[in-house]
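Just so we're aligned: 19 in the UniProt record's numbering is position 19 of the sequence shown, and the numbers increase by one with no gaps anywhere. Quick notes on the structure that follows.
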Amino acid sequence: MKSCGKRFHDEVGKFRFLNELIKVVSPKYLGSRTSEKVKN
Numbered sequence: 001m002k003s004c005g006k007r008f009h010d011e012v013g014k015f016r017f018l019n020e021l022i023k024v025v026s027p028k029y030l031g032s033r034t035s036e037k038v039k040n
């Protein structure tokens, strides 16, 4: 990854962010413990 450009790093960052966001709101992961304020 060190030799990849900024654009590639940005795309990887977006993927990681979205992956973590899904974990927060999805009932399969932490969705039942996440407040409605965060979900909305």
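Ideal placement from N, C-alpha and C gives every residue a C-beta, glycine not left out.
- Take the alpha-carbon of residue 6 and the one of residue 22: they are about 24 Å apart.
- According to the DSSP assignment, residue 16 belongs to the alpha helix (DSSP H) that extends over 6–25.
- In this structure, the straight-line span from the alpha carbon of residue 16 to that of residue 8 is close to 12 Å.
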